[in-house]
Amino acid sequence: MTLTPAGMPPRAASDRPETVVRLHNLSKIYQEAGVDRTILHALNTEITEGDFVVLLGKSGSGKSTLLNLIGGIDVPSGGEVWVRGINLTRLSERELTLFRRDHIGFVFQFFNLIPTLTALENVSLPYELRGSKGQKEGQKRAQKLLEKVGLAGRAHTYPDRLSGGEQQRVAIARALVHEPFLILADEPTGNLDEETGSSVLELLLSLTRDLGRTLIMATHNPEVVPLADVVYHIHEGKLVSETQAEAKAQPR
Amino acid sequence: MNVPFSPLPDSLWRVMFRTLRRRPFQSVMFVLGVALGVAMMVAIDLANTSASRAFSIFTESLTGRTTHQIVAGPGGVPSDLYRQIRLDLRLRESAPVVTAYVEALELGSQPLRIFGIDPFAEAPFRGYLNLGVGSNTNTADMAAFLTEPNTVLMAESLAAQYGLKEGDNFTVRYGPTRHTVKIAGLLRPSDDLTAEGLRDMLITDVSAAQELLGMKGRLTNIDLIIPQGEDGEALLNQIRAILPPGAILQPAAAKSSAVGQMTQAFNLSLTALSLLALVVGMFLIYNTVTFSVVQRRPVLGIFRALGVTRRQIFSMILVEAMLLSIIGALIGLVVGVIMGRLAVILVTQTVSSLYFTVSVRGVEVPLLSLIKGLAIGVGAALLAAAIPAYEATTTPPAGALKRSDIETKVRRAVPALTVIGLVIVGGAFALLSTDQLALSFAGLFAIILGFSLLTPVVSLVLMHLVRPITGAAAGVLGLIAPRSIIRSLSRTSVAVAALMVAVSVIVGVSAMVGSFRRDVQVWLENTIRADILIGPPSISAIRQDVPIDPSVGALIASVSGIDRVGVVRHADAIRVGDPLPVYLTVIDVDISEGKRMFVWALGDYDAVWAALGEGAVVVSETFARQRGIPIGAGQQISLVTDKGEHTFPIAAFMVDYSGDQGTVLLRMPVYHNLYEDRMISNAAAFIKPGASLEEVIKNLQAAFAGKYELIVSSNQQLRASVLVVFDQTFAITTALNLLATVVAFIGILSALSALQLERTREFGTMRANGMTRRQLFQVTLMETGLMGAVAGVMALPVGSILAWVLVYIINVRSFGWTLQLQLRPEFYVQAVAVSLVAAHLAGIYPALRIGRIQPALAVRSE
């Protein structure tokens, strides 16, 4: 199965692309046995709304760390992360949590479903977290999303009864149920076989495109590159910006 | 499930309930921890309140509306005084009382109080005895009650219990004499309170009581109702003016409240022991919650990434703990009420032998005790769960690097914990140096807490030390055990702490009781040196004040084989300005033969004996401490005697374990000089050299036959019976101690099981790589055994400190007994053995369970 950019719905020309994410001198340093290890070094870039951004890099290059910083689940050592005009580095722990709850959707490599909740409940969870009043609405949306990811019949199944691909599809539905404007996917296909991975990827892309959301994906799957609007390469803590065309032109 | 006003969204509730359902073992352990702690607390609370309630109902029923009482020393109040008050002072609201405990032989030999009254004077005092109205009694035989000697009224319920009816006879025994009494009527109290007060009473006419109790011409007390205000004051002064020298006038409330206070220290020590169970239970809860948090960290991380707030996570863990603790506390209440029925028997036994006769039939279950148990149980559980719940909120969101692993945090916190632990231990000793008993108990708990905080550092150090040894002995397998203890330090150290506390308490309490028992033995050997002891059957193990005919002394001396006889009189005297009675021990010959042990004395034994002859007294250490008399030279004590107030110099302070209220010892001639009482209470005899002890005892029994019902026991028998009373007294302590150990054992079982089961995947991997079940068993048992060893090693010093605190601080402050702490090696051997056995036993279940799991399943398990 191949994915083509033509398969993606085009963005309307009249849309004025807005900056969703802006990184300003962003750094992350870890202490390891008393020694500083710089993972990210003074990153500066902007990500536009609706884009599909791919982060490429070797294991340990800092892709996940960057995603975590953008998603507000990690704190930078220096610099700033702005998401939709909000400086995440200025938010309190609680504000960050609520920000994530309302605006960010996560898809993890290891699915990270709650084992004690059914597929439907896992999907409706982020919606419900906003307040128990939304329970019915959340379930309705979750059911619709499960239909979209082809799991309508497994709504009441617990995660341990689902295959890896199915679990990841539930996770995708969960990442979208509360209509976040930013979806962060960390190696979403890393734990799946090639065919399942491709179908999951296709699903993730089509759903985010349908909804006009921004998707940032960390991966080492080069198959994704042709589909991306922007590709970044993280190398020795620096961000090497590459457009899709350049990425294609350069042999890897 | 939707809970209104909850800050938790439905999905979190669902997750909570399903988690509880999926982890029944942990839930059960949690519930068990709360249930046991609450059960013990409620049981002790019920026993204490039942005993003190029985006591207060009883005193109320005796006191009635009395405002003042005229009481006197050993001889009692002369009957003439009553006549004077009633006729000369025209005080109509006055009533004579003659009372004492007797044994009702056909009624299961239970102690009943003979309460001798004047039926015509009673009405204003005790309503239910108002015989004139006839509503409470069958009046048919009132004539008999008033005219026939030895007739009694008793509660209908008591009579029914033993199948007795009006007109029936039964036997009562008072000291060496028996009497037959006839039931003249049955009382049908109209309310429950009155019924309870009446339950243990035999009401007689005053003269009948005097006859039964051998108190002709004398009364126990005269009850008065004195109006408040100037008139009352004037009346009181008039009464005081005609009081004979040996009698005093005192407010009725003073005595009963003073007597009630006697048991406070005893009740407090029991409460402290029951709290200990709760503390150990809290370790168990802490462990269970920590484990469930650690196990759920991945899920909590996902929640955090999805936007669940820290507060929501904290609430979730706490609500979970609250639900389980409510279940546990409810179970604890039920078990506590059942255990309370048993505890009340033990407590009553101790109170009766140490303080006053009290009989508690049913266990009252006051709502307050239940609410208290529930609140403390749930509160303690929430407190124990709060730390891991907070810990849970620091879970990094899924995906973020898990660098702040709980275990590394704990290891980083070890220095701080150690410092805090040391500070708390230091603070504990500051608390112990105060005079307040409650603060001393707080100090005791602080010691336990402080040393618990030192467990992580001790575990770390010991595991580092032991690693090369186990490694050399068992290779890689030998390295796994100490390393995994270090790796899971947050939980292993809590399990070790729980076990350490329980074992330390075993060491402390057994060293205290052991030292106490040995001191009592030494005291008995030194004090009671006579070959034979003769006394009336007694209801109380400690009080021996039933009067017997003084001629008994001469009778004993006349028996063949007897060398010499010493008689002893025990009686209550009145100390000036002291609402509590003073228990006198009056001797003519010192049966200790000069071996009496003194805490302080003005000189050697002969000097003390000489001073006694000149009118000095010897005061027991307990008496001095309880009544605030400084131990040392120049002290004196003032008593109300039949010749008026008399001040005695104190020649010595002696060691005495005969009762916790202590005694004042004086010589017979001095006593006879100041008091009119000529009765004796018991006697001690030395046999002639070469005479057969058994034969002399037989001779004595033959001499008493048909005349006096006296118990003749050999020195050995008496010592043994004293130790039986001693053991009975500590039965409740031992029982509580045992229960605390059970709680600790369950604690370590749950902690170890959880720890081992958590590593199912790890063990599965090892099994897949060829580890046999036997090896698995060995590793598991080595781990639990090492933990037991750490607990045992720590319990040695901690147990010794607890023993020291119990012996030299708590015991002295509670009861006034100074004991010689004796730390015998077997206490330590026992401590280490208990730790090791408990830890090994606790390791068996998880080892078996993991061994049974197929490696493939274990590796797959989440």
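Chains as they are written, first to last, in the working numbering: chain C, 1 to 252; chain X, 253 to 1114.
Here a beta-carbon is modelled for each residue, glycine too, at the ideal position from N, C-alpha and C.
Note down, in chain order, every chain C residue with its Cβ under 8 Å from the Cβ of residue i.
i, result
"Arg266 (chain X)", "Thr116, Leu117 and Glu121"
"Val551 (chain X)", "Ile114, Pro115 and Thr116"
"Ala724 (chain X)", "The premise fails here: Ala724 (chain X) is roughly 29 Å from chain C at the closest Cβ pair, so nothing lies under 8 Å."
Could you list which residues in chain C have their beta carbon closer than 9 Å to that of residue i, in chain order?
i, result
"Arg562 (chain X)", "Glu93, Arg94 and Thr97"
"Arg275 (chain X)", "Correct list: empty, because the minimum Cβ distance to chain C is about 10 Å."
Skipping 5 residues on each side, what residues in its chain have a beta carbon closer than 6 Å to that of residue i?
i, result
"Ala633 (chain X)", "Val286, Ile537, Ala573 and Ser577"
"Leu1001 (chain X)", "Ala1094"
"Thr645 (chain X)", "Arg562, Ile565 and Phe566"
"Ala299 (chain X)", "Gly592, Ala595, Val596 and Val599"
"Leu201 (chain C)", "Thr189"
"Leu74 (chain C)", "Here the sequence assigns Asp to residue 74 (chain C), which means Leu is not the residue at that position. Correct list, in chain order: Asn68."
"Leu785 (chain X)", "Ala936, Ser965 and Leu970"
"Lys847 (chain X)", "Asn778"
"Val589 (chain X)", "Val617"
"Val83 (chain C)", "Val21"
"Gly212 (chain C)", "Gly50"
So residue i contacts chain X; which residues on that side make the cut at Cβ distance below 9 Å?
i, result
"Arg169 (chain C)", "Neighbours of Arg169 (chain C) on chain X: none; closest Cβ ~17 Å, over 9 Å."
"Arg100 (chain C)", "Arg556, Ala557, Leu558, Gly559 and Pro649"
Under 7 Å Cβ to Cβ from residue i, same chain only, skipping five residues before and after it: list those, please.
i, result
"Ser544 (chain X)", "Arg275 and Gln278"
"Val798 (chain X)", "Tyr426, Gly427, Pro788, Ser790 and Ser933"
"Leu339 (chain X)", "none"
"Gly629 (chain X)", "Val286, Gly289, Val290, Ser577, Gly580, Ala581 and Gly584"
"Arg549 (chain X)", "Thr647"
Output the distance between the C-alpha atoms of residue i and residue j, rounded to the nearest integer angstrom.
i, j, result
"Gly150 (chain C)", "Pro720 (chain X)", "57 Å"
"Leu653 (chain X)", "Leu741 (chain X)", "Summary for Leu653 (chain X): the model assigns pLDDT 48, below 50, so the residue's position carries little reliability, and this model does not support an answer."
"Gln688 (chain X)", "Gln516 (chain X)", "13 Å"
"Glu166 (chain C)", "Leu23 (chain C)", "34 Å"
"Val177 (chain C)", "Leu203 (chain C)", "14 Å"
"Ser872 (chain X)", "Gly1068 (chain X)", "10 Å"
"Met764 (chain X)", "Ala1055 (chain X)", "6 Å"
"Ser387 (chain X)", "Asp297 (chain X)", "Since pLDDT at Ser387 (chain X) reaches only 44, below the 50 mark, its modelled position is unreliable, and no value is offered."
"Pro649 (chain X)", "Gly71 (chain C)", "10 Å"
"Ala303 (chain X)", "Leu717 (chain X)", "52 Å"
Verify whether the separation of the beta carbon atoms of residue i and residue j is less than 9 Å.
i, j, result
"Pro802 (chain X)", "Val774 (chain X)", "no"
"Thr19 (chain C)", "Glu49 (chain C)", "yes"
"Gly79 (chain C)", "Gly237 (chain C)", "no"
"Gly105 (chain C)", "Ile183 (chain C)", "yes"
"Arg1160 (chain X)", "Met931 (chain X)", "An answer regarding residue 1160 (chain X) cannot be provided, because it is not within the stretch 253 to 1114 covered by chain X."
"Ile172 (chain C)", "Leu207 (chain C)", "yes"
"Gln135 (chain C)", "Pro261 (chain X)", "yes"
"Ile29 (chain C)", "Ser92 (chain C)", "no"
"Ala938 (chain X)", "Asp856 (chain X)", "Here the sequence assigns Phe to residue 938 (chain X), which means Ala is not the residue at that position. The answer is no: Cβ separation not under 9 Å."
"Asn122 (chain C)", "Arg154 (chain C)", "no"
"Met1039 (chain X)", "Ala725 (chain X)", "no"
"Phe110 (chain C)", "Asn191 (chain C)", "yes"
"Pro1116 (chain X)", "Ala868 (chain X)", "Look at the range of chain X in this structure, 253 to 1114, and you will see that residue 1116 (chain X) is not part of it."
Given that residue i touches chain X, what residues does it touch there, using C-beta distances under 7 Å?
i, result
"Leu125 (chain C)", "Ser263 and Leu558"
Could you list which residues in chain C have their beta carbon closer than 7 Å to that of residue i, in chain order?
i, result
"Arg270 (chain X)", "Thr116"
Grab me the residues of residue i's own chain with a C-beta within less than 8 Å of its C-beta, minus the 5 sequence neighbours each way, in chain order.
i, result
"Leu864 (chain X)", "Val870, Ala903, Leu917, Leu918, Arg919 and Val922"
"Val994 (chain X)", "Leu288"
Validate contact between the segment 91 to 105 of chain C and the segment 37 to 57 of chain C using beta carbons, cut 8 Å, 3 pairs: Between the segment 91 to 105 of chain C and the segment 37 to 57 of chain C, the count of Cβ pairs shorter than 8 Å is below three; the stretches do not touch.
Can at least three beta-carbon pairs, one atom from the segment 523 to 534 of chain X and one from the segment 984 to 991 of chain X, be found at a separation below 8 Å? Touching, yes, given that three or more Cβ pairs across the two stretches are closer than 8 Å.
Segment contact, 8 Å Cβ cut-off, at least three pairs: the segment 1013 to 1022 of chain X with the segment 321 to 338 of chain X: Taking 8 Å as the limit for Cβ pairs, the verdict is that the segment 321 to 338 of chain X does not touch the segment 1013 to 1022 of chain X.
Is it the case that the segment 464 to 476 of chain X contacts the segment 328 to 335 of chain X, given that we only count it when at least three CB pairs across the two stretches are under 8 Å? Here the segment 328 to 335 of chain X lies against the segment 464 to 476 of chain X, with 3 or more beta-carbon pairs under 8 Å apart.
Closer than 8 Å, Cβ to any Cβ of chain D: which residues of the segment 60 to 94 of chain C, in chain order? The structure shown contains no chain D; the protein chains it does contain are C and X.
State whether the segment 704 to 711 of chain X contacts the segment 1056 to 1068 of chain X, with contact taken as three or more CB pairs (one from each stretch) at a distance under 8 Å. Taking 8 Å as the limit for Cβ pairs, the verdict is that the segment 1056 to 1068 of chain X does not touch the segment 704 to 711 of chain X.
Would you call the segment 341 to 361 of chain X and the segment 843 to 858 of chain X in contact, with 3 or more CB pairs under 8 Å? No, they do not touch.
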